[in-house]
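In this note's numbering, the protein residues as written are 200 to 711.
First the structure, in the form of structure tokens, and then the observations on it.
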């Protein structure tokens with residue numbers, strides 16, 4: 200996220216409009232990796248490699264081997280089959296670790312060539328922001344793939360040429376590429392200047408939007424991209440923005456034939472693909488999944504940039520408008536298969552992981568439910584119920600969290616309270632959020648594990664007349680979530696969009 204100038208400091212949320220539904224593409228990798236391990240997607244039981252499928256859960260099998268190490272889980276046993284996008288992502292993380300390039304499927308389709316009108320395949324908008332600088336580094340790794348006969352033409356965009364130049368210089372130093380600055384285009388534009396956004400969109404095939412909070416700065420970019428025939432990918436974790444963009448721009452994007460793909464970072468690719476992966480490993484019918492996110496920190500501790508904190512503050516403060524948006528959508532709920540998944544208490548104990556947990560308030564549930572709606576309504580597959588939680592440790596952590604939560608919920612209700620929360624993130628979050636963001640050592644020492652507990656029915660058993668008789672446990676593991684995993688996921692979503700766009704579902708133009 201970029202740092203905001205004085206003239207555009209974050210304001211209180213404006214009243215929001217109305218409604219929504221969607222799924223996600225897929226991802227690959229290469230280059231010198233930041234430290235922080237990355238074994239992705241494992242189900243408990245004997246391991247085996249899965250066949251890779253196309254760039255979304257509905258794509259047909261392509262035959263190339265993936266590398267999500269997987270096996271049977273729980274009582275349900277394992278089964279051979281496609282690893283979907285997850286398999287490809289796991290393989291790319293492993294290749295990235297070895298400093299190798301992203302694998303390319305034979306016969307890849309949808310490759311877009313740079314032209315005089317659109318000289319850049321990718322443009323990183325907000326490249327000088329905190330997250331944008333890591334996305335810039337990731338694009339630099341991707342575009343030197345030894346499998347390419349020519350380098351990927353790309354550019355960085357933002358308000359300050361000097362700041363953009365400094366980001367490229369830092370990336371060049373970090374990656375050992377002294378000529379990087381001279382190889383990358385620079386575009387000057389601003390969310391407050393629609394004409395400048397139009398000029399940026401006209402020069403790009405895909406825009407990677409790293410400027411948030413998206414509720415304030417996201418729509419002008421989406422609008423410019425749709426009107427100028429440019430696809431756009433963001434890393435938004437704000438359900439209201441995601442659902443509003445689908446409602447407002449889906450038809451226009453379909454007319455232009457461009458994709459607006461939201462939430463393509465840690466929010467919410469691991470959750471979305473993790474549920475699909477769990478269903479794929481189930482020997483029978485999967486009906487419900489609970490996920491538990493665990494963040495691991497190193498000796499330097501854990502810290503998150505306050506742009507994420509800002510999104511949370513304004514998201515909680517504007518929940519009424521999100522409800523109105525959903526009520527106005529008139530979308531029928533997907534049918535329940537099997538018993539309804541019970542909600543846990545605000546603080547609950549997970550016996551399987553021996554830790555306390557709280558609900559996860561990010562975009563995971565919104566994204567997964569929209570994916571399940573798509574799979575049910577378009578592909579006529581059995582929908583899966585989903586709930587997301589984050590582990591918080593022992594009783595001392597719970598007590599600290601309760602105090603922080605009470606302060607947060609009280610202050611977030613009022614305009615002046617939100618201003619205080621935004622001004623002093625370190626104080627109100629007990630040091631977990633700061634305006635400086637994490638240090639490189641903190642990033643290197645962090646990782647995440649997402650554990651999925653699923654239940655369902657064995658083959659041949661009717662969900663209408665019986666209780667669930669199969670349980671399965673799978674995991675997704677990866678490096679630091681916000682500034683390592685997120686850039687990998689975002690850039691690989693873009694690469695897939697460039698190279699395999701014909702495999703993406705044509706029923707969904709504004710999706711996740």
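Ideal Cβ positions, reconstructed from N, Cα and C, are used throughout, including at glycine.
Owing to the predicted nature of the structure, the values given are computational and were not obtained by experimental measurement.
Exercise for review: Excluding the 5 residues preceding and the 5 following residue 650 in the sequence, name in chain order all residues of the same chain whose CB lies nearer than 6 Å to its CB.
Suggested key: 491, 674
Check your understanding: When we look at the beta-carbon of residue 544 and count the other beta-carbons within 10 Å, is it buried (16 or more) or exposed?
Key -> By the 10 Å Cβ count, residue 544 comes out exposed.
Review point. If you run the structure through DSSP and keep just helix, strand and coil, what is residue 295?
Key: The predicted model places residue 295 with a pLDDT of 46, which falls under 50 and marks its position as unreliable; any figure quoted below should be read in that light. Helix at residue 295.
Practice item. Have a look at residue 562 and residue 511 and give me their C-alpha separation to the nearest angstrom. Key: Residue 562 and residue 511 have their alpha carbons spaced roughly 11 Å apart.
Check your understanding: Considering only residues of the stretch 556-613, which uninterrupted beta strand (DSSP E) runs meet the minimum length of 3 residues and lie entirely inside it, listed in chain order?
Key -> 584-592
Review point. Do you know offhand how far residue 689's Cα is from residue 672's?
Key: 27 Å
Practice item. Rounded to whole angstroms, what's the CA-CA distance from residue 471 to residue 489? Just pull it up for me. Key: 12 Å
Exercise for review: List the residues that DSSP assigns as beta-bridge partners of residue 712.
Suggested key: Any answer about residue 712 is impossible in this case: the structure gives the chain only from 200 up to 711.
Exercise for review: Could you check what DSSP says for residue 351 in three-state terms: helix, strand or coil?
Suggested key: coil
Check your understanding: Could you check where the alpha helix (DSSP H) with residue 339 kicks off and where it finishes?
Key -> 329-341
Review point. Under the three-state reduction of DSSP, which class applies to residue 489: helix, strand or coil?
Key: strand
Practice item. Mind listing, in chain order, the continuous beta strand (DSSP E) runs of no fewer than 3 residues lying wholly within the stretch 393-438? Key: 403-408, 430-433
Practice item. Can you grab the Cα-Cα spacing for the pair residue 421 / residue 369, in whole Å? Key: C-alpha separation (whole angstroms): 29 Å.
Exercise for review: Given a cut-off of 7 Å, decide if residue 351 and residue 364 are closer than it, judged by their beta-carbon atoms.
Suggested key: no
Check your understanding: Which term fits residue 394, buried or exposed, when burial requires 16 or more other beta carbons within 10 angstroms of its beta carbon?
Key -> exposed
Review point. Considering only C-alpha positions, which residue in the set 413, 339, 417, 406 is nearest to residue 381?
Key: Ranking the options by Cα distance to residue 381, first place goes to 339.
Exercise for review: Kindly provide the ranges of any alpha helix (DSSP H) runs that are 4 or more residues long and lie completely inside the stretch 618-674, ordered along the chain.
Suggested key: 624-627, 639-643
**Study point:** residue 557 beta carbon near the ligand ZN (any heavy atom closer than 6 Å)
**Key:** As presented, the structure is devoid of all ligands, the ligand ZN included, so that no description of it is given.
Practice item. Please work out which residues of its chain come closer than 6 Å, Cβ to Cβ, to residue 682, disregarding the five sequence neighbours upstream and downstream, and give them in chain order. Key: 333, 642
Review point. How is residue 678 classed by DSSP in three states: helix, strand or coil?
Key: strand
Practice item. Write down the C-beta distance between residue 374 and residue 337 rounded to the nearest angstrom, noting that I regard them as a contact closer than 8 Å. Key: Residue 374 to residue 337, Cβ: 10 Å. No contact.
Exercise for review: Could you spell out the range, first to last residue, of the beta strand (DSSP E) harbouring residue 548?
Suggested key: 547-549
Check your understanding: Can you check whether the CB of residue 474 is closer than 7 Å to the CB of residue 589?
Key -> No; because the gap between Cβ atoms is not below 7 Å, this pair is not in contact.
Review point. When you compare only the Cα positions, how much space is there between residue 426 and residue 384?
Key: Residue 426 and residue 384 have their C-alpha atoms some 22 Å from each other.
Check your understanding: residue 704: buried (16+ other C-beta within 10 angstroms of its C-beta) or exposed?
Key -> buried
Check your understanding: Along the chain, which unbroken stretches of the alpha helix (DSSP H) at least 4 residues long are found entirely within the stretch 448-532?
Key -> 468-480, 505-516, 518-528, all fully within the stretch 448-532.
Point to revise | CB of residue 435 within 7 Å of CB of residue 467, strictly | key: no
**Study point:** Reduced DSSP category for residue 383 - H, G, I as helix; E, B as strand; rest coil
**Key:** Of the three classes helix, strand and coil, the one that applies to residue 383 here is coil, per DSSP.
Review point. How about residue 478 and residue 404: are their beta carbons less than 7 Å apart?
Key: no
Check your understanding: Does the Cβ-Cβ distance between residue 325 and residue 431 come in under 7 Å?
Key -> no
Review point. Less than 7 Å separating the beta-carbons of residue 610 and residue 600?
Key: no
Point to revise | Proximity below 7 Å, CB of residue 506 to CB of residue 540 | key: no
Practice item. Report all residues from its chain with a CB closer than 6 Å to the CB of residue 560; omit the five preceding and five following residues, and keep chain order. Key: none
Review point. By the 10 Å Cβ neighbour count, where 16 or more other Cβ atoms means buried, how is residue 358 classified, buried or exposed?
Key: buried
Check your understanding: To the nearest angstrom, how far is it from the Cα of residue 310 to the Cα of residue 424?
Key -> Annotation note: pLDDT 42 at residue 310 (below 50); position unreliable, coordinate value reported separately. Roughly 19 Å between the two C-alpha positions.
Check your understanding: Taking the DSSP output, what are the residues bridged to residue 710?
Key -> 460
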